[in-house]
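Novice: In my numbering, the protein residues as written are 2 to 198. Questions regarding the structure given below will be posed in turn.
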Amino acid sequence: KRSNNKYLHDPDRKWIDLRPFSALYEYGHWEMDFIVSKHNSSVLLVLVERYSKKLLLKVLPNRNNDLVNQTILVMLKNHKVRTITTDNDIAFSKWKNLEAMLQADIYFCHPFHSWEKGLVENTNRWIRQFIKKKTNIQLISTEELKAIEDWFNHTPRQCLEGRTAYEVATEKEYGMIVESLEINLPTLRIWGQGEEL
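Right under this line is the structure:
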């Protein structure tokens, strides 16, 4: 039944096959998805930058097209955006308007192939460690969301050679070398003698 929806047959839609190869190694390519609530229409909008792994979160009361587009625009206003990859959720049916606002290309996974945006899918599974499936997303506070973002963005990662998403993103955005403090971890990163202790 889903395949009969008109928004899946948009002739102008760009599939992930056309996404530039540079999305694998260049900063500014984002993946996007929703985590939905079983209690109501509220959703958690998840944006992850592929190179730095930086995470952005926002709770929305619903998936209204215009609301989603405006929220994404606000969330990414201070970030470099070259492309966005997402799935075929009807909430993204006004993708052309979003492209025009961001001046960036939007690419779509093939229908029923959400694994093609593997980074955000894997991130969602990690987010579920903090936000369980039965959680009422509408009740998640701004402070709680910020704490989750901080955990992801200020935790050293092996895939980033021990750096944090915040450190890598800040260097790419502003050319500044910074050091994160993991405010949600029991220990801090301590620097001395040019080595991490």
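All C-beta atoms in this analysis are idealised placements derived from N, C-alpha and C, irrespective of residue type, glycine included.
State the start and end residues of the unbroken alpha helix (DSSP H) segment that holds Tyr-175.
Specialist: 166-175
Novice: Return the bridge partner residues of Phe-93 from the DSSP annotation.
Specialist: Answer by DSSP bridge pairing: none, since Phe-93 is not bridged.
Novice: Count Cβ pairs between the region 107-124 and the region 87-97 that sit closer than 8 angstroms; are there 3 or more?
Specialist: yes
Novice: If I follow the unbroken alpha helix (DSSP H) through Ile-17, where does it start and stop?
Specialist: Premise fails: Ile-17 is in no alpha helix (DSSP H) and is neither H nor E.
Novice: Between the Cα of Lys-39 and the Cα atoms of Lys-135, Gln-71, Leu-61, which residue gives the shortest distance?
Specialist: Of the listed residues, the one whose Cα sits closest to Lys-39 is Lys-135.
Novice: Look at the Cβ atom of Asn-70, then the Cβ atom of Leu-99, and state whether they are nearer than 8 angstroms.
Specialist: yes
Novice: Determine which residues share a DSSP beta bridge with Val-75 and list them.
Specialist: Paired residue(s): none; Val-75 is not in a bridge.
Novice: What do you get for Ile-178, buried or exposed, if any count of 16 or more other CB atoms within 10 angstroms of its CB means buried?
Specialist: exposed
Novice: Per the DSSP calculation, Leu-68 is bridged to which residue(s)?
Specialist: Partner(s): none; Leu-68 has no beta bridge.
Novice: Hey, out of Ser-53, Arg-158, Ile-17, Ser-42, whose CA is closest to Gly-29's CA?
Specialist: Among Ser-53, Arg-158, Ile-17, Ser-42, the Cα nearest to that of Gly-29 is on Ser-53.
Novice: For the alpha helix (DSSP H) containing Trp-127, list its first residue and its last residue.
Specialist: 119-128
Novice: Rounded to the nearest angstrom, what separates Ser-94 and Asp-13 at their Cα positions?
Specialist: 11 angstroms
Novice: So for Phe-22, helix, strand or coil by DSSP?
Specialist: helix
Novice: Would the beta-carbon of Glu-174 fall within 8 angstroms of that of Lys-81?
Specialist: Contact annotation: Glu-174 and Lys-81 have beta-carbon atoms nearer than 8 angstroms.
Novice: For the alpha helix (DSSP H) containing Thr-143, name the first residue and the last one.
Specialist: 143-154
Novice: Does the distance from the C-beta atom of Thr-84 to that of Arg-20 stay below 8 angstroms?
Specialist: yes
Novice: Ile-138 bridges to which residues according to DSSP?
Specialist: In the DSSP output, where bridge partners are listed per residue, Ile-138 has none listed.
Novice: Is Thr-143 buried or exposed, if buried means 16 or more other CB atoms sit within 10 Å of its CB?
Specialist: exposed
Novice: Leaving out the 5 sequence neighbours to the left and right, which residues in its chain are closer than 7 angstroms to Trp-96 when beta-carbon positions are compared?
Specialist: Ile-107
Novice: What are the boundary residues of the beta strand (DSSP E) that Lys-59 is part of?
Specialist: First-last of the beta strand (DSSP E) with Lys-59: 56-61.
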